[in-house]
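Novice: Below: one structure in structure tokens.
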Amino acid sequence: MIAPSGGGALAAGAAATLTGSAVQLRDVTVGYDRRAAIEDVDLSIERGSLVAIFGPNGGGKTTLLKLVAGLLEPWTGSVHVLGGAPAQAARRIAYVPQAEVVDWSFPVSVWDVAMMGRYPRLGPLRQPGASDRDAVREALERVGMAGHARTQIGRLSGGQRRRAFLARAIAADAELYLLDEPVTGVDVPTQEDLMDLLAAESRAGRTVLATTHDLAAASRHFEQVVGVNRRVIAAGPVSLLNDPDVLARTYGGHLLVIGERGVLLDDAHHHDTPSGGERHFHDEDRAR
Amino acid sequence: MSPLEAVLEPLGYAFFIRALVASVVVGLVCAVVGSYMVLRGLAFMGDALSHSAFPGVVAAYLLKAPFYLGAAIAAVGTALAIGWVARRGRLRGDTAIGVLFAGMFALGIFLFSTIPNYVGDLFGFLFGEVLGISDGDLLALSVLAMIVLATVALLWKELLFSTFDPLGAAAAGLPVVRLDYLFLALIALTIVVSLQAVGIILVVAMLVTPAAVGQLVASSFTRLVGVAVTVGIAGPVIGLYVSYWFDAAAGATIVLVETAIFIVALVARRGPIGSRTDERSATT
Chain A
1 MIAPSGGGAL
11 AAGAAATLTG
21 SAVQLRDVTV
31 GYDRRAAIED
41 VDLSIERGSL
51 VAIFGPNGGG
61 KTTLLKLVAG
71 LLEPWTGSVH
81 VLGGAPAQAA
91 RRIAYVPQAE
101 VVDWSFPVSV
111 WDVAMMGRYP
121 RLGPLRQPGA
131 SDRDAVREAL
141 ERVGMAGHAR
151 TQIGRLSGGQ
161 RRRAFLARAI
171 AADAELYLLD
181 EPVTGVDVPT
191 QEDLMDLLAA
201 ESRAGRTVLA
211 TTHDLAAASR
221 HFEQVVGVNR
231 RVIAAGPVSL
241 LNDPDVLART
251 YGGHLLVIGE
261 RGVLLDDAHH
271 HDTPSGGERH
281 FHDEDRAR
Chain B
1001 MSPLEAVLEP
1011 LGYAFFIRAL
1021 VASVVVGLVC
1031 AVVGSYMVLR
1041 GLAFMGDALS
1051 HSAFPGVVAA
1061 YLLKAPFYLG
1071 AAIAAVGTAL
1081 AIGWVARRGR
1091 LRGDTAIGVL
1101 FAGMFALGIF
1111 LFSTIPNYVG
1121 DLFGFLFGEV
1131 LGISDGDLLA
1141 LSVLAMIVLA
1151 TVALLWKELL
1161 FSTFDPLGAA
1171 AAGLPVVRLD
1181 YLFLALIALT
1191 IVVSLQAVGI
1201 ILVVAMLVTP
1211 AAVGQLVASS
1221 FTRLVGVAVT
1231 VGIAGPVIGL
1241 YVSYWFDAAA
1251 GATIVLVETA
1261 IFIVALVARR
1271 GPIGSRTDER
1281 SATT
């Protein structure tokens, strides 16, 4: 859902052009250890959008997400999030890391995780109070986890674990949800449930930006997509996923298009394969 | 001697009372800081920082400066340097720790070996001498411990969030890098507090073992800290008595008691909480 632009919430001047944008990247290059991971990225995402970032592993999806989250400083170009620098908007940003990097044996309950969403606004001096508990309770109800509030997170199913983190974003009252692979590793019915929750958040005006290497999930559940492979290859409505050219350019040679609609990725489960490694072979094939 | 006498008799000695108070303070602050430490995977860091305090202790002796000051400067300095080297050199944290901790310990031995005719109390530095603690030391130790505990009390939420999910915490605006450095400094100060009680070699046990028991039996962070504090206080009290009765080294006995509690907890532990098996089986 694309929110209408306009509205006078922002001050005049340069910022006015950003009104309506949740995320605006201009000519951004960033990477790790002097090696660029994504280059020359221009991207604009309207408030209230439900956007999937897709592309091959190692193509820079998570880098893009971290950039928007303010976890990486751009080497060149500018990043505007919710009308300012990511650091200024931090309390309105909720970042949910990949399930793989979370320590699920950590001694916290679902309630504790959701309550963490309240910590940044409290600051060091204030302790969580009644309004924070209300916010957490409401967030847990919204994601259907009220019955598991006291459960240690390691005892949850994959879908419940993601709900717990979503509750943290809701409890934080965030306006921009940044989710790294939110539907990876869960079965299709669970994906449906999670995406229903995210779609509801987006309808309520919150911007949802999620990475996924699951093209089927992206095409089923998201409204807009951004194809990333070191650059933004394409950005627009989800129908872009039906464009073989977009897919071919996004995935290099790592893609077989079968029939008119079916899509098969040959690297979907090879997390450690660098995207550039084997591409030349397929590129040559295509060139002939 | 009746059991009651066995308990009451040592309380007649001022040195025993001082040792008891000191080691309970040490046990408390170590348990609290250690709880965050084990969750952050910094057990090795604790060992490294305690060894790094050694040159500070020796330098303080040479300059006739307070022991706590030298140890604090060396340990906190090394803690910050490890963080800086790891970031700047893009080395793994444990590599930076390995380089700096051995280097600092070597510097301590080097300085120590230059002291003419000083056979001194190397044993005391290395293994602690809580029974020889003075009123002044006890005061200094308690003040430092209060500073550490007050800092953790102030920042417990921020430390917890950034320990559990550094990316999420940083994106939400918590100063995660500064919290990391601050926590390293807190570990260093905790080690300084503990040096006299248990010595350089054994400090890491005071930090890690009670928190490890907490990790074994607790499924919430509050309970983890509660269990750690209980073990962290019971260990020194029981340990001091045992060392008195057997006329054994106090620091080592305290550590042995805590280790024994850990083994009991490990064996008695029933269903795993959030264990690896749980993680893998949860896929829906």
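These protein sequences, in sequence, are chains A and B. Counting in our numbering, the first sequence runs from 1 upward without gaps. Counting in our numbering, the second sequence runs from 1001 upward without gaps. Yeah, the Cβ is synthetic: ideal placement off N, Cα and C, and Gly gets one too.
How about B/SER1219 and A/GLN152: are their beta carbons less than 9 Å apart?
Specialist: Going by C-beta atoms, B/SER1219 is nearer than 9 Å to A/GLN152.
Novice: Please state whether the Cβ-Cβ distance between B/GLY1132 and B/PHE1015 is less than 9 Å.
Specialist: Contact flag set, yes.
Novice: Does any residue of chain B bring its CB to less than 9 Å from the CB of A/GLY147?
Specialist: It does not; no Cβ of chain B falls within 9 Å.
Novice: Whose C-beta lies closer than 6 Å to the C-beta of B/ARG1018 among residues of the same chain, with five residues either side of it excluded?
Specialist: So the qualifying residues of the chain are ILE1133, LEU1138.
Novice: Give me, in chain order, the residues of the same chain whose beta-carbon lies closer than 7 Å to that of A/THR211; leave out the 5 immediate sequence neighbours on both sides.
Specialist: These residues qualify, in order along the chain: ILE53, LYS61, THR62, LEU65, ASP180, GLU181.
Novice: If you compare alpha carbons, which of A/ARG118, A/ALA146, A/VAL41 is closest to A/THR29?
Specialist: Closest option to A/THR29, Cα to Cα, is A/VAL41.
Novice: Going by Cα to Cα distance, which pick from B/VAL1029, B/PRO1010, B/PRO1003 is closest to B/ILE1233?
Specialist: Answer by Cα proximity: B/VAL1029.
Novice: Mind reading off the beta-carbon distance from A/ALA139 to A/ALA174? Whole number of angstroms is fine, and I expect it under 8 Å.
Specialist: Incorrect: roughly 11 Å between the Cβ atoms, too far for contact.
Novice: Mind pulling the chain A residues with CB within less than 9 Å of B/LEU1091?
Specialist: Ordered by position in chain A, no residue passes the 9 Å Cβ test against B/LEU1091, which lies about 12 Å from the chain.
Novice: Going by beta-carbon coordinates alone, are A/ARG121 and A/ALA204 separated by less than 9 Å?
Specialist: No; because the gap between Cβ atoms is not below 9 Å, this pair is not in contact.
Novice: Looking at B/VAL1227: is its Cβ nearer than 9 Å to the Cβ of B/VAL1204?
Specialist: For B/VAL1227 and B/VAL1204, no; Cβs fall outside 9 Å.
Novice: Could you give the first and the last residue of the continuous beta strand (DSSP E) run that contains A/HIS80?
Specialist: Its beta strand (DSSP E) spans residues 76-81.
Novice: Would you tell me roughly how many angstroms separate the C-alpha atoms of A/ARG47 and A/ALA217, rounded to the nearest one?
Specialist: If I take the Cα positions, the gap works out to 22 Å.
Novice: If you measure from the beta carbon of B/ALA1043 to each beta carbon in chain A, is any gap under 9 Å?
Specialist: So, not an interface residue.
Novice: Since A/ARG121 is in the alpha helix (DSSP H), which residue starts that stretch and which ends it?
Specialist: A/ARG121 -> alpha helix (DSSP H) spans 119-122.
Novice: Which stretch, first to last residue, makes up the beta strand (DSSP E) that contains A/GLY31?
Specialist: Residues 21-32.
Novice: Under the three-state reduction of DSSP, which class applies to A/GLN160: helix, strand or coil?
Specialist: A/GLN160 falls in the helix class under three-state DSSP.
Novice: Got a sec: is the Cβ-Cβ distance from B/ALA1265 to anything in chain A below 9 Å?
Specialist: Not one chain A Cβ lies under 9 Å of B/ALA1265.
Novice: Going by DSSP, what residue range makes up the beta strand (DSSP E) through A/PHE54?
Specialist: 50-54 is the extent of the beta strand (DSSP E) around A/PHE54.
Novice: Just to make sure I have the definition right: I need the residues of chain A whose C-beta is within less than 9 Å of the C-beta of B/SER1285. Which are they?
Specialist: Here chain B covers residues 1001 to 1284 and nothing more, so residue 1285 of chain B does not appear.
Novice: Is the separation between the beta-carbon of B/ALA1086 and that of A/PRO86 shorter than 9 Å?
Specialist: The answer is no: Cβ separation not under 9 Å.
Novice: Cα separation between A/SER157 and B/ALA1081?
Specialist: Each residue's Cα considered, the two are about 41 Å apart.
Novice: Using the beta-carbon count (16 or more within 10 Å), is B/ILE1115 buried or exposed?
Specialist: Answer is exposed; the Cβ neighbour count stays below 16.
Novice: Taking 9 Å as the CB-CB limit, is A/LEU82 close to chain B?
Specialist: Answer no: the Cβ-Cβ gap between A/LEU82 and chain B never drops below 9 Å.
Novice: Determine the chain B residues that contact A/GLY70 at a beta-carbon separation under 7 Å, and present them in chain order.
Specialist: The answer, in chain order, is ALA1171.
Novice: Can you tell me which of the three DSSP states B/ILE1017 falls into?
Specialist: Reduced to three states, the DSSP call for B/ILE1017 is helix.
Novice: State the CB to CB distance for the pair A/ALA164 and A/VAL113, rounded to an integer number of angstroms; the pair is presumed to be in contact (CB under 8 Å).
Specialist: So it is a contact: roughly 5 Å between Cβ atoms.
Novice: Using a C-beta to C-beta distance shorter than 7 Å, which residues of chain A count as neighbours of B/GLY1168?
Specialist: Residues of chain A passing the Cβ test: TYR95, VAL96, PRO97.
Novice: Any Cβ of chain B within less than 9 Å of the Cβ of A/LEU194?
Specialist: By this cut-off, A/LEU194 is not an interface position.
Novice: For A/SER78 and A/GLU201, I'd like the C-alpha separation in whole angstroms.
Specialist: Cα-Cα distance, rounded: 27 Å.
Novice: For the structure I just gave you, are there three or more beta carbon pairs, one from the segment 1059-1079 of chain B and one from the segment 1250-1268 of chain B, closer than 8 Å?
Specialist: The segment 1059-1079 of chain B, when compared against the segment 1250-1268 of chain B, does not touch it at the 8 Å Cβ threshold.
Novice: Note down the Cα distance separating B/ARG1088 from B/ARG1040, rounded to an integer number of angstroms.
Specialist: C-alpha separation (whole angstroms): 20 Å.
Novice: So, for A/GLY31: in the same chain, excluding its five sequence neighbours on each side, which residues have a beta-carbon less than 6 Å away from its beta-carbon?
Specialist: Result list for A/GLY31: ALA37, in chain order.
Novice: Could you tell me which chain B residues have their CB closer than 7 Å to the CB of A/ARG91, listed as they occur along the chain?
Specialist: ALA1172, GLY1173, listed in chain order.
Novice: Mind pulling the chain A residues with CB within less than 7 Å of B/PHE1161?
Specialist: What B/PHE1161 touches in chain A: MET116, TYR119.
Novice: So with CB distances below 7 Å, who are the chain A contacts of B/PHE1015?
Specialist: Residues of chain A passing the Cβ test: none, with the nearest at roughly 39 Å.
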